[in-house]
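Enquirer: Encoded as structure tokens, here's the structure I'll be asking about.
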């Protein structure tokens, strides 16, 4: 998912953030169970860093196939993160899901609350192709 042209912001056991400045795109991968914000203390900092490298109209490609359910505390943080992303000028989010899984259903519900422009795919290739076509 990440290539040499990208700026890697963070890579740990819970998430990865990278930015392709030329494409004006943030790449994310979310993994595992997040029970508390203290498990991911730099998540919002890393998001701010990524948002600082893109311009309004940017896109996001996010792979959540390895994500499990978030706790209520983490759901609130994710809604704040998505609202911040909307305020920063995201135009489209292409998110890769394991369809019909609880983590996928939760991600859809959070996006409805935050009003982030979510588009769901079942492969990275389809998501990337759609973003290339639309932007």
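In full-length UniProt numbering, the protein residues as written are 1 to 135.
Note that CB positions come from ideal geometry on N, CA and C, so glycine has one too.
What does the Cβ neighbour count give for residue 51, buried or exposed, with the cut at 16 atoms within 10 Å?
Expert: Buried, because 16 or more other Cβ atoms sit within 10 Å of the Cβ of residue 51.
Enquirer: Tell me the rounded alpha-carbon separation between residue 112 and residue 78.
Expert: Rounded to whole angstroms, residue 112 to residue 78 spans 12 Å at the Cα level.
Enquirer: From which residue to which residue does the alpha helix (DSSP H) around residue 37 run?
Expert: Looking at the DSSP string, residue 37 is not in any alpha helix (DSSP H), and its letter there is neither H nor E.
Enquirer: With C-beta atoms as the reference, is residue 69 less than 7 Å away from residue 102?
Expert: Contact: yes.
Enquirer: For the alpha helix (DSSP H) holding residue 86, just list the boundary residues, first then last.
Expert: Per DSSP, residue 86 belongs to the alpha helix (DSSP H) from 72-87.
Enquirer: Given that a residue counts as buried once 16 or more other Cβ atoms are within 10 Å of its Cβ, and exposed if not, what is residue 72?
Expert: Exposed: under 16 other Cβ atoms inside 10 Å.
Enquirer: Assuming residue 94 is part of the alpha helix (DSSP H), what are its boundary residues?
Expert: No alpha helix (DSSP H) holds residue 94; the beta strand (DSSP E) holding it covers 92-96.
Enquirer: Would DSSP call residue 126 helix, strand or coil?
Expert: Looking at residue 126 - three-state DSSP - the assignment turns out to be helix.
Enquirer: Helix or strand or just coil, what does DSSP make of residue 132?
Expert: Looking at residue 132 - three-state DSSP - the assignment turns out to be helix.
Enquirer: Consult DSSP for residue 6 and reduce its assignment to one of helix, strand or coil.
Expert: Correct three-state label for residue 6: coil.
Enquirer: Would DSSP call residue 57 helix, strand or coil?
Expert: Coil.
Enquirer: Is there contact here, the stretch 18-27 with the stretch 53-63, by at least three beta-carbon pairs under 8 Å?
Expert: Flag = yes, the stretch 18-27 and the stretch 53-63 touch.
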